[in-house]
Amino acid sequence: MNCKLSAAITLLACLFLTPNAALSATFVEIARFDVSASADANSTSYIGNNPSAVAWDGRQLFIAGFNSSGAQADTAITEITNAGAAGLNVATLSDSFGVLSTPNLRGYSGLDLKDSTLAAAYDDGGADANGIQALDASTRTQTWAKNARGGSGVAFDPGFGGADQGVAWTTFGSGRRALQDAATGADIYGTSDGMIINTGSGSFWRDMDFDPASGDLYARRSNGVIMSTRTGGNSVTAITELVPIDTGADFVAGHMISFLSGTPDGDLLIYNDRPATQSNQPFASVVKVIDTAGAAQSAVFNLIGGGVPADGNGYYDFDYDPTTRTLAIADFANRNVHIFGVVPEPTAAVLLVAAFATGATQRTRRVGLPVRSA
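Mapping of the sequence shown onto mature numbering (1 follows the signal peptide of the UniProt record, and there is no 0): residues -24 to -1, 1 to 350, in sequence order.
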């Protein structure tokens, strides 16, 4: 890892020892990557028109793309190879991989990264031979693929008491969590015998994530947040709508979620409230934080250099690394990827980290990444 980002993360870890932290989820930006080059159709790093999914493990950072060109076009995945840099950066991108010819308004719906395996969900409007797939994060080559419609995200299921771990997914029209063996892709459970995760009618699933300790599942459907309390490897008990579903958002893509374990305020969930697709949606109105009971939490995002993120279209993806306590947010509309540290609230601590990140990279401030002043 780049020494500047490593030092910033070390400082963040020390701040967790600060006593009397206020009850507010505080996110301090330590890096930002302009990924506009991934939308250049003439580039070897082309992934589509916009980044629709992100995966981050504190060391490696990947994005996958969405086609909004108005015609058939490729979508793909790329690695941000300078992910260790702090401050404001133009992303250095690998050659694209996982390249698939994709209809308009389709593409990758999710990524997740564990150890050396990158899981991906791909949606072309129907079942596809590459709908759910795993790739080697080092060689960027596919290790297995599952024929499915991958429009509902993907996540590594930690199982329950060590049982039934693997690559989890679901799909439109299903009320169950399916599960593949992470190493081989073999079926563990399918959409007919996987654990039931639905409540009521409707099954426009968009994303999912898990509590790594309990195996509880948190999923997005119709702009809502649904929790399934785990009782076994393939069983749940109470299924609860933490955020009510909105059937008016059934056909709105890009409802994402990430489980934030071990923050200064306990376990939290971050998600985007996206009932519609229009532009000029303020970041602060869209990106929301709740606890595992569904109670809204105050969230403060401190950017390098101040200001607030530029308005977007409400489409953001998230991936949290519990080891470094850092959160990646992919901004679909503005083609940015932010890395935030999740820190205690005390103002002095926040200012210290912000000053470190700004001072370490003052010379990079001229790259002109879109930020709206407060």
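The C-beta atom is built at its ideal place from N, Cα and C for all residues, glycine as well.
Owing to the predicted nature of the structure, the values given are computational and were not obtained by experimental measurement.
Buried/exposed call for residue i, threshold 16 Cβ in 10 Å
i	result
L81	exposed
D297	buried
P220	exposed
F9	buried
K195	Reading off the sequence, residue 195 comes out as Ala, not Lys. Flag for A195 reads buried.
F227	exposed
S72	buried
G290	buried
D183	buried
V326	Low per-residue confidence applies at V326: pLDDT is 48, beneath 50, and the placement is therefore not dependable enough to give any value.
T300	buried
T223	exposed
N210	buried
G102	exposed
N(-5)	Caution applies to N(-5), whose pLDDT of 41 falls short of 50 and renders its modelled position unreliable; the value that the coordinates give is listed next. It is exposed - the Cβ of N(-5) has fewer than 16 other Cβ atoms within 10 Å.
N278	buried
G230	buried
G107	buried
N18	exposed
A52	buried
G34	buried
D16	exposed
A272	exposed
Rounded Cβ spacing between residue i and residue j (contact assumed at less than 8 Å)
i	j	result
G176	R152	Rounded, the Cβ-Cβ distance is 15 Å, inconsistent with contact.
Y84	A31	Going by Cβ atoms, the distance from Y84 to A31 rounds to 10 Å, so no, they are not a contact pair.
A113	G161	Between G161 and A113 the Cβ distance is about 16 Å, and since that is not below 8 Å, they are no contact.
F180	S168	Wrong, their Cβ atoms sit about 19 Å apart, outside the cutoff.
A1	L244	6 Å
V313	V11	6 Å
V262	N248	5 Å
F148	G127	6 Å
D50	T78	7 Å
V318	T239	5 Å
I315	I6	6 Å
Q118	G74	7 Å
P27	S44	Not confirmed; about 12 Å, so no contact.
Residue(s) in a DSSP beta bridge with residue i
i	result
S77	D50
G166	Paired residues: none, contrary to the question.
F42	N26 and G83
V130	None, per the DSSP bridge assignment.
T20	In DSSP, T20 forms no bridge with anything.
Q36	Beta-bridge pairing links Q36 to no other residue.
A139	F136
I215	S204
F9	N65 and V313
T2	V276 and V319
A59	Bridge partners of A59: none, in fact.
T146	Answer by DSSP bridge pairing: none, since T146 is not bridged.
A124	D104
T302	D297 and G317
D307	Y292 and N312
A154	W145
A31	F38
Neighbourhood of residue i by C-beta, 8 Å cutoff - its chain only, sequence neighbours within 5 removed
i	result
A105	A121 and N123
A158	K90, T93, A95, A110, F132, Q141, G142 and V143
R348	Unreliable positioning characterises R348 in this predicted model, as indicated by a pLDDT of 44, which lies under 50. The coordinate reading is nonetheless provided below. These residues qualify, in order along the chain: G283, V284, P285, A286 and D287.
A324	Low local confidence applies: a pLDDT of 37 at A324 is under 50, so the model's placement there is unreliable, with the coordinate-based value given in what follows. Nothing meets the Cβ criterion.
V201	Y194, A195, E217, L218, V219, I233, L245, Y247, I266 and G270
P258	V284 and D287
Contacts around residue i, its chain only, beta-carbon distance under 6 Å, and the 5 residues preceding and following it disregarded
i	result
E55	F38 and S70
N256	D287
R339	Low local confidence applies: a pLDDT of 36 at R339 is under 50, so the model's placement there is unreliable, and no value is given.
A225	S198, N199 and P251
D293	A29, V30, M232 and A306
D185	A131, Y194, I233, S234 and F235
T57	T68 and S70
N174	G151
D88	A31, A95, V130, A131 and F132
L328	At L328 the pLDDT is 45, less than 50, meaning the model places this residue with poor confidence; the figure from the coordinates comes in the next sentence. Excluding positions up to five away in sequence, the list is empty.
Within-8 Å CB hit, residue i to chain B
i	result
S85	Annotation note: the requested chain B is absent from the structure, which comprises a single protein chain.
Beta-carbon contacts of residue i that lie in its chain and below 7 Å, excluding the five residues immediately before and after
i	result
S150	T167 and S179
T115	none
S204	I173, D192, L193, V212 and I215
I164	D140, G142, L155, Q156 and D157
A260	V284
P134	Q141, F186, P188 and G191
Can you check the segment 170 to 206 for any beta strand (DSSP E) of at least 3 residues that lies completely inside it and give the ranges in chain order? 181 to 186 and 193 to 197
Whole beta strand (DSSP E) runs in the segment 85 to 113 with 3 or more residues, listed along the chain? 93 to 99 and 104 to 112
Just to confirm the assignment: which complete beta strand (DSSP E) runs, minimum length 3, are found wholly within the segment 218 to 300? 233 to 239, 242 to 248, 263 to 267, 275 to 278 and 292 to 297
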